[in-house]
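Take the position in the sequence shown, starting the count at 1, then add 1; the result is the number in this note's numbering.
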Amino acid sequence: MVDYRGALVLAPMVRAGELPTRLLALRHGADLVWGPEIIDKKIVTCDRIENQKLGTVDYLSHGYTKVPGVTNLVFRTHPKLEAGKLIFQMGTANADVAVQAANMIIDDVDGIDINAGCPKHFSIHAGMGAALLKTPDLLCSILTNLVEKVGKPKGKPISVKIRLLHKEEDTLNLVERLVNTGISNLTLHCRTQEMRNREAPIRVSVDKVKKICVDHGVNFIINGALTGRKEFEELQEVYGKDMGGMIAENAERNPSVFSLTPLDWAPLIKEYIEIAESMCNYIGNSKYMLTKMIPGKSIFYQYIARSKSYDDLREAMKKLNDDGTEKKQEEIEVTKDDEKDAEEETNDKKRKTDDIQPEEIKRQQTGAITA
Numbered sequence: 002m003v004d005y006r007g008a009l010v011l012a013p014m015v016r017a018g019e020l021p022t023r024l025l026a027l028r029h030g031a032d033l034v035w036g037p038e039i040i041d042k043k044i045v046t047c048d049r050i051e052n053q054k055l056g057t058v059d060y061l062s063h064g065y066t067k068v069p070g071v072t073n074l075v076f077r078t079h080p081k082l083e084a085g086k087l088i089f090q091m092g093t094a095n096a097d098v099a100v101q102a103a104n105m106i107i108d109d110v111d112g113i114d115i116n117a118g119c120p121k122h123f124s125i126h127a128g129m130g131a132a133l134l135k136t137p138d139l140l141c142s143i144l145t146n147l148v149e150k151v152g153k154p155k156g157k158p159i160s161v162k163i164r165l166l167h168k169e170e171d172t173l174n175l176v177e178r179l180v181n182t183g184i185s186n187l188t189l190h191c192r193t194q195e196m197r198n199r200e201a202p203i204r205v206s207v208d209k210v211k212k213i214c215v216d217h218g219v220n221f222i223i224n225g226a227l228t229g230r231k232e233f234e235e236l237q238e239v240y241g242k243d244m245g246g247m248i249a250e251n252a253e254r255n256p257s258v259f260s261l262t263p264l265d266w267a268p269l270i271k272e273y274i275e276i277a278e279s280m281c282n283y284i285g286n287s288k289y290m291l292t293k294m295i296p297g298k299s300i301f302y303q304y305i306a307r308s309k310s311y312d313d314l315r316e317a318m319k320k321l322n323d324d325g326t327e328k329k330q331e332e333i334e335v336t337k338d339d340e341k342d343a344e345e346e347t348n349d350k351k352r353k354t355d356d357i358q359p360e361e362i363k364r365q366q367t368g369a370i371t372a
């Protein structure tokens, strides 16, 4: 069972929450990672494919697609690298469809989270996301059905992410109802639906919400303008070590903020490219993430924006110093010479092995013993 207590976690973010970002966050200390919100109706139309090449489980949509396995990829997880750490966030406004979708994906993830906090149009236009805050009966029905028909049978936790309502009393009443549905965790984004991320979070109700959760055996995570592990640990001194924290925007800019010593952007993007290419991440998504991580005034922002392939990204990285400056041409030539020397050394070793192999085989065939 997932342990949410005191966990510092990666927030669910569309585009930013794909597999490479999650793996990079886990590498640098994230306790749990949320995938991007995916609509229940989308999942139930997907085919589940075990990708032997990557060691991943892929959910692919039906119909024509430009690059099969890439442009029709809806969700990808790496069971070995994300084991015990991955929460699947679902967008839904229908208990039956939510259960159907959850049962399809539950064996490949470690928990299901319902999005009842996103204020964006693509979430709320069909009664999902923050729209569920206005239909608490429906929200509670969705959670109860998921707990009883998916969570309990599969031994997996069900959770929910909400926002503040305008009146504290209304927020507390809603939380009281939600924690009685059988959920294992409640995440509170400390802003109202109308507030934007540039506005400071409102944390005056955190103690009261946390108490309701604790009294009902439900874990509690706060979200909203959290910058990194250092600030998270300072907030735990105020609200308790058992409170979790969720990082969104800062983790989009730097997925290593879960560490007390996060990376600077230059070594960070090198790690990201290595992971993204190894997981065959769609190049468009990788470029999107890299441009979030690189300072806009850096020449490397332009290099990345112009790249059309991972070959282009690797070429750009050959010019990058770890301090974010651009290497001089002579330094790049030295790097290329070093790579050539390493390749020749590898080929020499292979040739020697090939030369020795027939004699070794001959000795084995004649029964010769080498001391």
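All residues carry an ideal CB built from backbone N, CA and C; glycine is no exception.
(message) Here's a check: name, in chain order, each residue in its chain whose Cβ is nearer than 8 Å to the Cβ of Ile39, leaving out the five neighbours to either side.
(response) Val75, Phe76, Phe89, Gln90, Met91, Gly92
(request) To the nearest angstrom, report how far apart Ala277 and Met14 are at their CA atoms. (result) In this model, Ala277 and Met14 are separated by some 17 Å (Cα to Cα).
(message) Helix, strand or coil for Ala127? Go by DSSP, reduced to three states.
(response) In the three-state reduction of the DSSP assignment, Ala127 falls in the coil class, being assigned neither a helical nor a strand state.
(message) On a Cα-Cα basis, can you pick out the residue from Thr228, Leu61, Asn224, Gly218 that is closest to Ile203?
(response) Asn224
(request) Return helix, strand or coil for Gly245, following the three-state DSSP convention. (result) DSSP places Gly245 in strand when its eight states are reduced to three.
(message) With distance defined between alpha-carbon atoms, name the residue in Arg199, Arg254, Glu177 nearest to Tyr289.
(response) Arg254
(message) Taking 8 Å as the threshold (C-beta atoms), are Leu269 and Lys231 in contact?
(response) no
(message) Using only the alpha-carbon positions, how far apart do His217 and His63 sit?
(response) 42 Å
(request) Identify which residue in Pro120, Arg23, Ala17, Ile106 has its Cα closest to the Cα of Arg49. (result) Ile106
(request) Just mark Val210 as buried or exposed, buried being the case when its beta carbon has 16 or more other beta carbons within 10 Å. (result) buried
(message) Check this for me: beta carbons of Ile163 and Leu134, under 8 Å apart or not?
(response) yes
(request) Measure the alpha-carbon distance for Ala172 versus Ala252 and round it to whole angstroms. (result) The residue you asked about is not Ala; residue 172 is Thr in the sequence shown. Rounded to whole angstroms, Thr172 to Ala252 spans 27 Å at the Cα level.
(request) Starting from the Cα of Cys119, find the closest Cα among Lys153, Ile300, Asp324, Cys191 and give me that residue. (result) Cys191
(message) Is it buried or exposed, Pro296, if we count other Cβ atoms within 10 angstroms and call 16 or more buried?
(response) exposed
(request) Can you check DSSP and say which residues form a bridge with Gly112? (result) Ile88
(request) Go ahead and pull the three-state DSSP assignment for Ile39. (result) strand
(request) Take the Cβ of Ala201 as the centre, count every other Cβ of all protein chains shown within 10 Å, and call the residue buried at 16 or more, exposed below. (result) exposed
(request) Taking Asp111 as the reference, give the member of Met2, Ile248, Leu314 with the closest Cα. (result) Met2
(request) Express the C-alpha separation of Thr145 and Tyr311 in angstroms, rounding to a whole number. (result) Cα-Cα distance, rounded: 45 Å.
(message) Please report the distance separating the alpha-carbon of Gly245 from that of Pro69.
(response) 39 Å
(request) Tell me whether Lys363 sits in a helix, a strand or coil according to DSSP, three-state version. (result) The predicted model places Lys363 with a pLDDT of 43, which falls under 50 and marks its position as unreliable; any figure quoted below should be read in that light. In the structure shown, Lys363 sits in a helix (DSSP, three-state: H, G or I).
(message) Restricting to Cα atoms, I'd like to know which of Thr46, Phe233, Ala117, Asp108 is closest to Val98.
(response) Minimum Cα distance to Val98 is reached at Thr46.
(message) Could you pull the DSSP bridge partners for Gln117 from this structure?
(response) Checking the sequence, you will find Ala at residue 117 rather than Gln. Checking the DSSP bridge columns, you'll see Ala117 partnered with Ile163.
(request) Identify, in the order they occur along the chain, each residue of the same chain with its Cβ nearer than 6 Å to the Cβ of Ser142, setting aside the five sequence neighbours on each side. (result) The residues are Ala96.
(request) Rounded to whole angstroms, what's the CA-CA distance from Ser308 to Lys319? Just pull it up for me. (result) 14 Å
(message) Leu179 and Leu189 - do their beta-carbons sit closer together than 8 Å?
(response) no
(message) For a test of the three-state rule: what should DSSP assign to Tyr240, helix, strand or coil?
(response) Under the three-state reduction of DSSP output, Tyr240 falls in the helix class.
(message) Just to confirm before moving on: does the CB-CB distance between Asp243 and Gly7 stay below 8 Å?
(response) Yes; because the gap between Cβ atoms is below 8 Å, this pair is in contact.
(request) Can you say whether Asp4 is buried or exposed, counting buried as having 16 or more other CB atoms within 10 angstroms of its CB? (result) exposed
(message) For Glu150 and Gln101, I'd like the C-alpha separation in whole angstroms.
(response) Sequence inspection shows Lys at residue 150; the Glu mentioned does not correspond to that position. Each residue's alpha carbon lies about 9 Å from the other.
(request) Starting from the C-beta of Ala372, find all residues in its chain whose C-beta is less than 7 Å away, skip the five residues before and the five after it, and write them out in chain order. (result) In this predicted model, Ala372 has a pLDDT of only 31, less than 50, meaning its place in the structure is not dependable; the value taken from the coordinates is given anyway. Hits under 7 Å: none found.
(request) Measure the beta-carbon distance from Leu11 to Ile248 and round it to whole angstroms, keeping in mind my assumption that it falls under 8 Å. (result) 7 Å
(message) Here's the rule: buried if 16 or more other CB atoms are within 10 angstroms of the residue's CB, otherwise exposed. What is Ile233?
(response) Rather than Ile, the amino acid found at residue 233 in this sequence is Phe. Answer is buried; the Cβ neighbour count reaches 16.
(request) Please classify Lys81: is it buried, with 16 or more other beta-carbons within 10 angstroms of its beta-carbon, or exposed? (result) exposed
(message) Comparing C-alpha positions only, which one of Glu19, Pro256, His167 sits nearest to Thr193?
(response) His167
(request) Give every residue of the same chain whose Cβ lies closer than 6 Å to the Cβ of Gly85, excluding the five residues on either side of it in the sequence, and list them in chain order. (result) So the list reads Asp111, once near-sequence residues are dropped.
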